[in-house]
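Shown next, in structure tokens, is the structure this report addresses.
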Amino acid sequence: MESRLDDLFQEWGQLGGAVLVAGKRRVEEARPAEQVLAESTALCRHAAADVGRG
35 MESRLDDLFQ EWGQLGGAVL VAGKRRVEEA RPAEQVLAES TALCRHAAAD
85 VGRG
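Take the sequence shown: its letters are residues 35 to 88, numbered as in my numbering.
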């Protein structure tokens, strides 16, 4: 999951979002902001559900 999270931060940076990353790199294929937002939201919901179970 960590690499996917890093990929999302890189994508947000490419889309113009102000994000902190250890090092910038290009994501191979830029996706529309709507797709990045949807995946980010799903990842946050999944993480929140995991915390609720613990």
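Even glycine gets a Cβ: it sits at the ideal position worked out from N, Cα and C. Just so it is clear, the structure is predicted and the values come from calculations on it, not from any experiment.
- Boundaries of the alpha helix (DSSP H) around Val70: Ala67 to Arg87.
- Under the three-state reduction of DSSP, Arg38 is assigned to helix.
- If you draw a straight line from the Cα of Arg65 to the Cα of Ala72, it comes to about 11 Å.
- Between the alpha carbons of Gln48 and Arg60 lies a distance of about 8 Å.
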